[in-house]
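Data block below; observations after.
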Amino acid sequence: MLALSLPNSKSNGNGAHRKVRAEIVGWGMCAPRRVMTNDELAAMLDTSDEWIRGRTGIARRHIVSDGETTASMAIAAAQDALQVADADPREIDLVIVATSTPDHVFPSTACQVQDALAARHAGAFDLNAACSGFVYALAMGHQAIASGEHQQVLVIGADALSSRLDWTDRGTCILFGDGAGAVLLRATDADAGVMATVLGADGSGGELLKIPAGGCAVPTTHESVTQGLHYLRMDGRLVYRFASGVLAEAAEQVAHKAGWEVSAIDRLIPHQANVRIIESAAKRLGLPMERFVVNLEEYGNTSAASVPIALCEAIEAGTIRPGDQLVMVGFGAGLTWAAAAVKWRRSPEEVYVSRQRRWWRWSLYQWAHLRSGVRRGLGRLAIWFIRTVEGRDDR
Ligand code: COA
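Numbering (my numbering), first residue to last: 992 to 1386.
Spelled out as structure tokens, the structure:
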């Protein structure tokens, strides 16, 4: 366990207790190498770069290829976050992966990440709240720490929605891209970190954004595949209306819960669905667009990965500075929405990791890979031995 061991509140010497909060101490992201431009889409579909840019703000998106998956992107983003925090993976208590496109129904993507990082003392689970997933997971991680139960929680948003897109449907496939973003949360009793969260859902809007098949209601069959029921379907206009309202409302609610005026939000990091949705929320909130982090031109909508990727890029670009009051907002299928108010403390200039520590963590990941392979091999050997050599079947 981490040497720092905080109860959920701490005396400040005057008998008053300070709250334990979750602070973001590490961040990382991963975008697939393959970039797909609007012009490439225009060569396949009845659309144009002008239409897509004008209606959405998107110019490119990154799409998985050559063995890249949700898990591989999540692992890469997580390794970056641990590097920035200079953390020991064996001291992570919990891994939460927000995704609606896991590599498998089970094992969870979080278990794949836990194994690859050698995070052997961590619990691990996936969380599905679609595009709101990362902010939901951030809220869960924060609560696990604030309760005193955990000291370090790794929160990842990762999705490869390209695997669920109908590439002949110009109303949906132009919007999405793949990627992953991760943060490491650590307990702190400083006046920093996650100050408030808001979670919301409205299941009555489930039909607006849905992948009909692949669950137990409509299992994957030859027929479901022929009918394209395993592809994402969306009522773009109604989702647009929902998103424009909820982005501003959730930001306002979480700011008030944190005790901030809306005008005191230094940076708002919204889910990157459509620049027009963000502009409309900016107008409703009375905030200038310069306060919003927007990177959807490069990535499109990466679902659960969009908020942490935008966060990482803003930190690295120096547009988030120590002392800034941040609000992150996710919204999406479910329908769901979530917001978090975060007081920022770290600057990228503070991040220094020695070569030895980098090398040590790299070796740990190689060891984890080897150990996992050996354990899987031994498992298969044991089954073969029981069935073949002993001639019995324990099933
Ligand atoms: N290229 C060219 N034309 C297109 C097109 C495309 N990619 N997609 C749709 N069109 C056409 C439509 O067929 C329609 O043509 P018509 O008038 O001849 O019927 C016209 O453009 C307008 O369609 P509409 O759906 O009203 O466009 P829009 O302005 O609402 O933009 C979206 C469509 C999808 C960009 C927009 O509704 C949106 O962003 N919605 C929210 C989606 C979202 O964020 N989802 C994820 C939430 S997590």
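Positions of the beta carbon are idealized from the N, C-alpha and C atoms, including for glycine. Note that this is a predicted model, so its numbers are computed, not measured.
Mind checking which residues open and close the alpha helix (DSSP H) that includes residue i?
{"i": "Asp1084", "result": "First-last for Asp1084: undefined, no H or E at that position."}
{"i": "Trp1042", "result": "1040-1047"}
{"i": "Thr1100", "result": "1100-1107"}
{"i": "Val1284", "result": "No alpha helix (DSSP H) holds Val1284; DSSP gives it neither H nor E."}
Assign residue i to one of three DSSP states: helix, strand, or coil.
{"i": "His1221", "result": "coil"}
{"i": "Phe1233", "result": "helix"}
{"i": "Glu1140", "result": "coil"}
{"i": "Asp1030", "result": "helix"}
{"i": "Asp1037", "result": "coil"}
{"i": "Arg1009", "result": "strand"}
{"i": "Val1209", "result": "coil"}
{"i": "Val1253", "result": "helix"}
{"i": "Ala1022", "result": "coil"}
{"i": "Ile1165", "result": "coil"}
{"i": "Arg1111", "result": "coil"}
{"i": "Gly1382", "result": "coil"}
{"i": "Ile1015", "result": "strand"}
{"i": "Gly1370", "result": "helix"}
{"i": "Ser996", "result": "With a pLDDT of 48 at Ser996, under the threshold of 50, the modelled position of that residue is not reliable, and the figure given next carries that caveat. If DSSP states are grouped into helix, strand and coil, Ser996 belongs with coil."}
{"i": "Leu1075", "result": "Going by the sequence as given, residue 1075 is Val instead of Leu. Correct three-state label for Val1075: helix."}
{"i": "Val1146", "result": "strand"}
Using 8 Å as the limit for Cβ to Cβ distance, is residue i near chain B?
{"i": "Leu1032", "result": "Protein chains in the displayed structure number just one, and chain B is not present."}
Tell me the residue span of the beta strand (DSSP E) that contains residue i.
{"i": "Ala1396", "result": "There is no way to answer for residue 1396, as the model of the chain reaches only from 992 to 1386."}
{"i": "Ala1192", "result": "1184-1192"}
{"i": "Glu1304", "result": "Premise fails: Glu1304 lies in the alpha helix (DSSP H), 1297-1308, not in any beta strand (DSSP E)."}
{"i": "Leu1175", "result": "1169-1179"}
{"i": "Met1319", "result": "1316-1323"}
{"i": "Arg1258", "result": "1258-1261"}
{"i": "Ile1054", "result": "1051-1054"}
{"i": "Ala1264", "result": "Unbroken run through Ala1264: none, as it is neither H nor E."}
{"i": "Ala1331", "result": "1327-1334"}
Please report the Cβ distance between residue i and residue j, rounded to the nearest whole angstrom; I am assuming they are in contact, meaning their Cβ atoms lie under 8 Å.
{"i": "Ile1054", "j": "Pro1098", "result": "That belief does not hold up - the Cβ atoms of Ile1054 and Pro1098 are roughly 24 Å apart, past 8 Å."}
{"i": "Ala1128", "j": "Gly1148", "result": "7 Å"}
{"i": "Ala1067", "j": "Cys1102", "result": "The pair is not a contact, with the Cβ atoms about 17 Å apart (cut-off 8 Å)."}
{"i": "Ala1151", "j": "Thr1092", "result": "5 Å"}
{"i": "Ala1013", "j": "Ala1137", "result": "7 Å"}
Point to revise | contact_flag[the segment 1020-1034, the segment 1194-1201] where n(CB pairs < 8 Å) is 3 or more | key: At 8 Å Cβ cutoff, the stretches do not touch.
Review point. Looking at C-beta atoms only, is the number of pairs between the segment 1342-1354 and the segment 1208-1226 that lie closer than 8 Å three or more?
Key: No contact exists between the segment 1342-1354 and the segment 1208-1226.
Point to revise | Sufficient close CB pairs (3 or more, under 8 Å) joining the segment 1309-1316 to the segment 1103-1115 | key: When C-beta atoms of the segment 1309-1316 are compared with those of the segment 1103-1115, fewer than three pairs fall below 8 Å, so the two segments do not count as touching.
Practice item. Give a yes or no on contact between the segment 1248-1258 and the segment 1269-1279, applying the rule of three or more CB pairs nearer than 8 Å. Key: Yes, the segment 1248-1258 touches the segment 1269-1279.
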